[in-house]
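Below: one structure, written as structure tokens.
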Amino acid sequence: MALLPLRPARTTDPTEVDRLYDICLRTGADGGDASARFSDPRLLGEIYLGAYLAFEPGLAFVADDGTGAVGYVVGTADTREFEERCERDWWPALRARYPLDVFPPEAADAGLVRLLHAPPTADPEVLDLFPAHLHVDLLPAAQGGGNGRRLLGLLFDALRERGVQGVHLGVSETNTSAIGFYEHLGFVRVPTEIGYVLGLKL
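Going by the UniProt record's numbering, the sequence shown opens with residue 1, and the numbers climb by one from there.
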């Protein structure tokens, strides 16, 4: 895969936002396509992408193959503040749109709805060292050529400009290829009771 042009995400362009939501869905199964798993194609993006585009547009970057975005990185410089803002300005509208009983309990969508009604918060001890966090997703056509590493580099530079000392991310323990990728970039496992977390000093 050739190196692709990188640029800031067009966070106010509905066409681009829709495309990024689609990328979120098509990489939502440990990097694989999750579109068959969920009946609502936007729900995954509402949880893991939309608030970053809305609240941290300066920390959203995409790889563009000439037809549009084929990968993105988003993040926030201050996880505590971001969680508070989501609780105030993002989750309430989604909770109204997606009540807890909107999907059958056994449906994968129902698990996402439970998550948006009771979103996890980051471990304070992690945030003391790694206050920022990120999400990065690339379609298969954009993987394997250094595009993910370059997208992360853009985000890291933007975070450094804001004086951020460290960044973390959560990853599925079963996603061994992603864990290996992040460790190659210098991320280390961060002891925490809340999921599998990797951190990087900036």
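Glycine residues also receive a C-beta, built at the ideal position from the N, C-alpha and C atoms.
Same chain, Cβ closer than 6 Å to residue i, five either side skipped, listed in chain order
i    : result
P57  : T11
L185 : none
E83  : T121
D65  : L4
C86  : A51
Assigned secondary structure, residue i (DSSP; H/G/I helix, E/B strand, else coil)
i    : result
R19  : helix
P8   : strand
L198 : strand
D123 : coil
G28  : coil
D13  : coil
A2   : coil
A118 : coil
Reference residue i, options the options, closest by Cα
i           : options                  : result
R97         : D40, R149 and S172       : D40
L129        : T79, V73 and A2          : T79
V17         : D157, A142, V74 and E161 : V74
D89         : E46, E125 and S177       : E46
V188        : A142, S177 and K201      : K201
L198        : T67, T15, R162 and H135  : H135
G111        : G166, T15 and R37        : R37
G163        : T15, A77 and L49         : A77
T15         : Q165, Y48, T67 and L44   : T67
residue 203 : L49, V167, A54 and R19   : There is simply no residue 203 to check, as the chain begins at 1 and stops at 202 in what is shown.
L100        : L155, R85 and V113       : V113
A9          : A51, L59 and Y48         : L59
H133        : R150, A142 and Q165      : Q165
L7          : Y48, Y21, L169 and L152  : Leu is not the amino acid found at residue 7; the sequence shown has Arg there. Closest option to R7, Cα to Cα, is L152.
A178        : L154, A141 and D137      : D137
Residues of its chain near residue i, where Cβ-Cβ distance is below 7 Å and the 5 sequence neighbours each way are ignored
i    : result
L139 : I23, R26, T27, V70 and G71
W91  : L116 and P119
L127 : T79 and R80
A158 : G58 and L59
L44  : C24, L25, G28, A34, F38 and L112
8 Å CB neighbourhood of residue i in its chain, flanking five on each side removed
i           : result
R95         : L116 and H117
T176        : none
residue 269 : The question about residue 269 has no answer here: the residues shown for the chain are numbered 1 through 202.
residue 212 : Nothing about residue 212 can be read from this structure; the chain reaches only from 1 to 202.
Any chain C beta carbon closer than 7 Å to residue i
i   : result
G75 : Of the protein chains in this structure there is only one, and it is not chain C.
4 or more residues per run - each alpha helix (DSSP H) lying fully within the region 30-106: 43-48, 50-55, 79-89 and 91-97
Three-pair Cβ contact test at 8 Å for the region 89-105 versus the region 14-33: no
Completely contained alpha helix (DSSP H) runs for the region 131-196, where each covers 4 or more residues: 147-161 and 176-184
Three CB pairs or more closer than 8 Å across the region 120-127 and the region 185-196: yes
Cβ contact check for the region 140-149 and the region 2-10: 3 or more pairs under 8 Å: yes
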